[in-house]
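>
2 protein chains.
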Amino acid sequence: MSAPTIYDIAARAGVGIATVSRVINGSRRVSDKTRGAVQQAMDELGFRPNHAARRLAAGAPHRSRVVALMPFFTTAFYFSVCKAISKVLSEADTDFVLLDVHDQKDADRQLDRLIAERSCEGVILCSMDLTEERHDQFSTLKIPVVALDCNSKFVPHVRVDNEEGGRLLSQTLSTHGSQHQALILGTRGALVFREREAGFRQVAPPSFRVFETENVDVASGARIAEEILESFPEVDGVACVGDPLAIGATKTLREHGRRVPQDVQVMGFDDQPLMAALGLTTIRQPMEELGTWAADTIVRLISTPNGGPPQDLILPLEVIERDTTGRLG
Amino acid sequence: MSAPTIYDIAARAGVGIATVSRVINGSRRVSDKTRGAVQQAMDELGFRPNHAARRLAAGAPHRSRVVALMPFFTTAFYFSVCKAISKVLSEADTDFVLLDVHDQKDADRQLDRLIAERSCEGVILCSMDLTEERHDQFSTLKIPVVALDCNSKFVPHVRVDNEEGGRLLSQTLSTHGSQHQALILGTRGALVFREREAGFRQVAPPSFRVFETENVDVASGARIAEEILESFPEVDGVACVGDPLAIGATKTLREHGRRVPQDVQVMGFDDQPLMAALGLTTIRQPMEELGTWAADTIVRLISTPNGGPPQDLILPLEVIERDTTGRLG
DNA sequence: CTGTTAGCGCATTCAT
DNA sequence: ATGAATGCGCTAACAG
Chain A
1 MSAPTIYDIA ARAGVGIATV SRVINGSRRV SDKTRGAVQQ AMDELGFRPN
51 HAARRLAAGA PHRSRVVALM PFFTTAFYFS VCKAISKVLS EADTDFVLLD
101 VHDQKDADRQ LDRLIAERSC EGVILCSMDL TEERHDQFST LKIPVVALDC
151 NSKFVPHVRV DNEEGGRLLS QTLSTHGSQH QALILGTRGA LVFREREAGF
201 RQVAPPSFRV FETENVDVAS GARIAEEILE SFPEVDGVAC VGDPLAIGAT
251 KTLREHGRRV PQDVQVMGFD DQPLMAALGL TTIRQPMEEL GTWAADTIVR
301 LISTPNGGPP QDLILPLEVI ERDTTGRLG
Chain B
1001 MSAPTIYDIA ARAGVGIATV SRVINGSRRV SDKTRGAVQQ AMDELGFRPN
1051 HAARRLAAGA PHRSRVVALM PFFTTAFYFS VCKAISKVLS EADTDFVLLD
1101 VHDQKDADRQ LDRLIAERSC EGVILCSMDL TEERHDQFST LKIPVVALDC
1151 NSKFVPHVRV DNEEGGRLLS QTLSTHGSQH QALILGTRGA LVFREREAGF
1201 RQVAPPSFRV FETENVDVAS GARIAEEILE SFPEVDGVAC VGDPLAIGAT
1251 KTLREHGRRV PQDVQVMGFD DQPLMAALGL TTIRQPMEEL GTWAADTIVR
1301 LISTPNGGPP QDLILPLEVI ERDTTGRLG
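Residue numbers (the numbering used here), protein chains in the order written: chain A, 1 to 329; chain B, 1001 to 1329.
1) In or out: GLN1104 (chain B) buried (at least 16 other Cβ within 10 Å) or exposed?
2) I'd like to know if PHE1138 (chain B) contacts chain A, where contact means its C-beta is closer than 7 Å to some C-beta of that chain.
3) Specify the secondary structure class of ARG300 (chain A) as computed by DSSP and reduced to three states.
4) So HIS157 (chain A) is in the beta strand (DSSP E); what residue range does that whole segment cover?
5) Could you tell me how far apart the beta carbons of THR1282 (chain B) and GLY1268 (chain B) are, in whole angstroms, since I believe they sit closer than 8 Å?
6) Measure from the alpha carbon of PHE1072 (chain B) to the alpha carbon of each residue in A:LYS87, A:THR19, A:THR74, then state which is nearest.
7) Using only the alpha-carbon positions, how far apart do THR1034 (chain B) and ASP149 (chain A) sit?
8) Going by DSSP, name the residue or residues bridged to MET1267 (chain B).
9) So, are the CB atoms of GLY1122 (chain B) and VAL1158 (chain B) less than 7 Å apart?
10) Determine the DSSP secondary structure at PHE47 (chain A), reduced to helix, strand or coil.
11) Give me the DSSP bridge partner(s) of GLN285 (chain A).
12) Return the Cβ separation of ASP243 (chain A) and ASP271 (chain A) in integer angstroms, given the expectation that the two are a contact with Cβ distance under 8 Å.
13) To which residues of the same chain is ILE1331 (chain B) closer than 6 Å at the C-beta, ignoring the five residues directly before and after it?
14) In the DSSP output, what is ILE1320 (chain B) paired with across the bridge?
15) So what does DSSP say about GLN311 (chain A), is it helix, strand or coil?
16) According to DSSP, which residues form a beta bridge with PHE1211 (chain B)?
17) Let me check understanding here. Comparing Cα to Cα, which of A:ALA52, A:HIS135, A:PRO286 lies closest to ALA84 (chain A)?
18) So is ALA1225 (chain B) in contact with chain A if we call contact Cβ pairs under 7 Å?
19) Taking only beta-carbon positions, decide if VAL1066 (chain B) is within less than 7 Å of chain A.
20) Identify every residue that forms a DSSP beta bridge with ARG1196 (chain B).
21) Are three or more beta carbon pairs between the segment 1163–1183 of chain B and the segment 1316–1323 of chain B nearer than 8 Å?
22) In angstroms with no decimal places, state the Cα-to-Cα distance between PRO1004 (chain B) and MET1070 (chain B).
23) Indicate the three-state DSSP secondary structure (helix, strand or coil) for ALA1147 (chain B) in the structure shown.
24) For GLU1230 (chain B), would you say it is in contact with chain A, using Cβ-to-Cβ distances shorter than 7 Å as the test?
25) Mapping the DSSP letters down to three states, classify GLY329 (chain A) as helix, strand or coil.
26) Report the rounded CA-to-CA distance for CYS120 (chain A) versus ASP93 (chain A), giving the unit in angstroms.
27) Along the chain, where does the alpha helix (DSSP H) containing LEU99 (chain A) start, and where does it finish?
28) What whole-angstrom Cβ distance do GLU89 (chain A) and ARG118 (chain A) have, given they're in contact under 8 Å?
29) With a threshold of 16 other CB atoms inside 10 Å of the CB of LYS1153 (chain B), please say whether the residue is buried or exposed.
30) Whole angstroms is fine: what's the gap from PRO1258 (chain B)'s alpha carbon to VAL1264 (chain B)'s?
31) According to DSSP, simplified to helix, strand and coil, what is CYS126 (chain A)?
32) Identify each residue in the segment 1230–1261 of chain B for which the Cβ-Cβ distance to at least one residue of chain A is less than 8 Å, and report them in chain order.
33) For ASP1095 (chain B), collect the residues of the same chain with a Cβ closer than 8 Å to its Cβ; drop the 5 residues on either side in sequence, then sort them by chain order.
34) Output, in sequence order along the chain, the residues in the segment 193–220 of chain A whose CB is closer than 8 Å to any CB in chain B.
35) Between A:VAL15, A:ALA53, A:HIS102, A:VAL260, which lies nearest to HIS176 (chain A) when the distance is taken from Cα to Cα?
36) Spell out whether any CB of chain B is found under 7 Å from the CB atom of GLY186 (chain A).
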């Protein structure tokens, strides 16, 4: 049978529903005896108060909830994004529901559920796009959606110019004289990586090579660097689509006697926390700003259903030169 | 006046509430004309559907929500904890509401609200304790609370033995011959830091010194290290209560010509992501396990109100020796 | 101390 | 295509 209500409890305990309510809410105006009976009935039936009914009856104030779907585990990039979102939403008295999704399928399941249950007032989609169909669903339900780190046709989005990022990667290496550049890519399943690759290819010196890896962590960077040294020994510049990759690559290179940056230059991407301390040259993504904009926008769209036309935003990238680049030789 | 309901909209648009409901839910069985009128009324009145009422009427399934209060901004420690919690809750079909709190006052405000609004079914408290009074409030409302990284008298908690951590810090330095040890502490307002300090004091060689800093970031570590070099030049071991502090301290020491670890040994605390790549000797906290246990426990307590007596858990610490410690000289 | 009653705001028949 | 009526599960007066 379906979930028991206070009526079921009341009947079973031989009391009125008000008494059950009192017990639930810890009122002291209940005799220990009846309280016990009610408790027992609740335990036996596995009673769980219905949250929606509670809030409705109590006249609790509105509190919007926005859920953010993010592939959280992948990189520290999302840590910074998350912090920013959290801050904005908190100040807007909006609940921040964090949904960690592993892959697209996972995300789809959650999106279906959100639509079916209408269980939030806004959605922030990180590094993930929407199908047109699903966009229409959200649209008719008037649940605003914004995308972050993603170039969406359907919803307002904030991102950086990843193609430009790819170009900056190669150009910075070239500036210091690198001729044989390797690009370490995360899976091409991710659009942002494909975009960076495209930009890189546009400007890289002809002998460049591209290497793809599943994960974008330190271990992968270290492993791919081995591969690079073997198949592309003349390499004098390594560009990575994530900072951890660069850390791993640098480690391997140095272990193999290559000086960084005198023999090989290395660059990361993101400028995650601690990269300054590590001296990694990298391309800074304005992570806080990305999160802030997404959160601000969703809050605005929630309170102003007709908040004007979708307004996208492209934030600037910045090359941060530190110790892993410099003139070769 | 209070928030407009569909009755207000219906009245203003000269239609029945059912029609308003249809418009809200994107039903196509509404003439464009009336739809327009309803839309306009909604816009003019700033209508926002009441989420609780919606779910109640729609008979939506229960979905528990647990909110985690965490001082998110402070360190990457919480990133790992957060990941673990997120994973467990997601698998338990439980919403994960993240509440970033800056300080105790902030936390108190949020806790008051949670109690007043009964807006969640469980609470995970990170690095923060409960007053007895507030514990009683949660208790009578039957909202379970668990604490993480905190030694609470009132609620089940999971943590490491921070005193032992303090001892390990000093003992590891001593093992390699360090006689003049400095401890860099975060604010003594945090219990965990006080505990580590206590442990450290128990076993440190007599000439030790303790330094306190507000923040536990790289910059603070670098700054305090300057101070240490000035006021405690004979220092040959620096123990920190957080990894970033140690990174900063190492940087300063090396800039001042002190070799690490030959002249001065340095240790961090936590073993955050990337510390392996950085070669920092540190004391590993089982961050994932902490988060997993907290989430598992809260899920269990929600589904089993009488889940037996509070069961605390103390997880083991592990010294991870890397490149910043080793025999002096 | 306890039971009765009346909504909370909305989705949903069932009429029309 | 639209309106009236009913009930979701609970809290909060109001009676007793």
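From the three backbone atoms N, C-alpha and C, an ideal C-beta is built for every residue, glycine too.
Here's the rundown:
1) Taking the second sequence and counting its residues from 1, one reaches residue 1104 (chain B) at position 104. Around the beta carbon of GLN1104 (chain B), fewer than 16 other beta carbons sit within 10 angstroms, so the residue counts as exposed.
2) Translated into the one-based positions of the second sequence, residue 1138 (chain B) becomes position 138. Closer than 7 Å: no.
3) Residue mapping note: residue 300 (chain A) aligns to position 300 of the first sequence, counting from 1. In this structure, ARG300 (chain A) counts as helix in the three-state DSSP scheme.
4) Taking the first residue of the first sequence as 1, we reach residue 157 (chain A) at position 157. Here the beta strand (DSSP E) through HIS157 (chain A) covers 157–160.
5) Taking the second sequence and counting its residues from 1, the one referred to as residue 1282 (chain B) is at position 282. Taking the second sequence and counting its residues from 1, the one referred to as residue 1268 (chain B) is at position 268. With 8 Å as the limit, THR1282 (chain B) and GLY1268 (chain B) qualify as a contact, their Cβ atoms being about 4 Å apart.
6) Walking along the second sequence from the start, residue 1072 (chain B) turns up at place 72. Considering only alpha carbons, the answer is A:LYS87.
7) Here residue 1034 (chain B) corresponds to residue number 34 of the second sequence, with the count starting at 1. Here residue 149 (chain A) corresponds to residue number 149 of the first sequence, with the count starting at 1. So the two alpha carbons sit approximately 39 Å from each other.
8) Taking the second sequence and counting its residues from 1, the one referred to as residue 1267 (chain B) is at position 267. Answer by DSSP bridge pairing, in chain order: B:ALA1239.
9) To locate residue 1122 (chain B), count along the second sequence from 1; it is residue 122. To locate residue 1158 (chain B), count along the second sequence from 1; it is residue 158. It is not a contact, given that the beta carbons lie outside the stated cut-off.
10) The residue given as residue 47 (chain A) occupies position 47 in the first sequence. Reduced to three states, the DSSP call for PHE47 (chain A) is coil.
11) The residue you call residue 285 (chain A) lines up with position 285 of the first sequence. In DSSP, GLN285 (chain A) forms no bridge with anything.
12) Position 243 of the first sequence, counted from the start, is the residue given in the question as residue 243 (chain A). Position 271 of the first sequence, counted from the start, is the residue given in the question as residue 271 (chain A). Sure, about 7 Å apart at Cβ, within 8 Å.
13) Absent from the model: residue 1331 (chain B). The displayed extent of chain B is 1001 to 1329, so no value can be given.
14) Your numbering for residue 1320 (chain B) matches position 320 in the second sequence. Bridge partners of ILE1320 (chain B): B:THR1282.
15) Translated into positions along the first sequence, residue 311 (chain A) becomes position 311. GLN311 (chain A): coil per DSSP, three-state reduction.
16) Against the second sequence, residue 1211 (chain B) aligns to sequence position 211. PHE1211 (chain B) pairs with B:ILE1184.
17) To locate residue 84 (chain A), count along the first sequence from 1; it is residue 84. ALA84 (chain A) has its Cα closest to that of A:PRO286, out of A:ALA52, A:HIS135, A:PRO286.
18) Position 225 of the second sequence, counted from the first residue, corresponds to residue 1225 (chain B). Cβ-Cβ to chain A under 7 Å: no for ALA1225 (chain B).
19) For the purposes of this step, residue 1066 (chain B) is taken as the residue at position 66 of the second sequence. Not one chain A Cβ lies under 7 Å of VAL1066 (chain B).
20) In the second sequence, the residue the question calls residue 1196 (chain B) occupies position 196. Paired residue(s): none; ARG1196 (chain B) is not in a bridge.
21) yes
22) Residue numbering aside, residue 1004 (chain B) sits at position 4 when the second sequence is read from its first letter. Residue numbering aside, residue 1070 (chain B) sits at position 70 when the second sequence is read from its first letter. Answer to the nearest angstrom: the Cα atoms are 35 Å apart.
23) Locating residue 1147 (chain B) in the second sequence gives position 147, counting from the first residue. Strand, per DSSP.
24) Working through the second sequence from its first residue, we reach residue 1230 (chain B) at position 230. Answer no: the Cβ-Cβ gap between GLU1230 (chain B) and chain A never drops below 7 Å.
25) Start at 1 with the first residue of the first sequence, and residue 329 (chain A) comes out as number 329. In the structure shown, GLY329 (chain A) sits in coil (DSSP, three-state: anything other than H, G, I, E or B).
26) As a first step, residue 120 (chain A) is located in the first sequence; it is residue number 120 there, counting from the start. As a first step, residue 93 (chain A) is located in the first sequence; it is residue number 93 there, counting from the start. Answer to the nearest angstrom: the Cα atoms are 14 Å apart.
27) The residue you call residue 99 (chain A) lines up with position 99 of the first sequence. Where LEU99 (chain A) is concerned, there is no enclosing alpha helix (DSSP H), although the beta strand (DSSP E) it sits in stretches over 95–100.
28) Here residue 89 (chain A) is taken as the residue at index 89 of the first sequence, counted from 1. Here residue 118 (chain A) is taken as the residue at index 118 of the first sequence, counted from 1. Note that residue 89 (chain A) is Leu in the sequence shown here, rather than Glu. With a Cβ gap of about 19 Å, LEU89 (chain A) and ARG118 (chain A) do not count as contacting.
29) What you label residue 1153 (chain B) is simply residue 153 of the second sequence in a count that begins at 1. Label assigned to LYS1153 (chain B): exposed.
30) Sequence index remark: in the second sequence, residue 1258 (chain B) carries index 258 (1-based). Sequence index remark: in the second sequence, residue 1264 (chain B) carries index 264 (1-based). In the sequence on display, residue 1258 (chain B) carries Arg and not Pro. Their Cα atoms are separated by approximately 7 Å.
31) Within the first sequence, residue 126 (chain A) is the residue found at index 126, counting from 1. Note: CYS126 (chain A) maps to strand in three-state DSSP.
32) PRO1244, ILE1247, GLY1248, LYS1251
33) Here residue 1095 (chain B) refers to the residue found at position 95 of the second sequence. So the qualifying residues of the chain are ARG1063, SER1064, ARG1065, VAL1066, LEU1089.
34) VAL218
35) Sequence index remark: in the first sequence, residue 176 (chain A) carries index 176 (1-based). The residue with the shortest Cα to Cα distance from HIS176 (chain A) is A:VAL260.
36) As a first step, residue 186 (chain A) must be located in the first sequence, where it is residue number 186. Cβ-Cβ to chain B under 7 Å: no for GLY186 (chain A).
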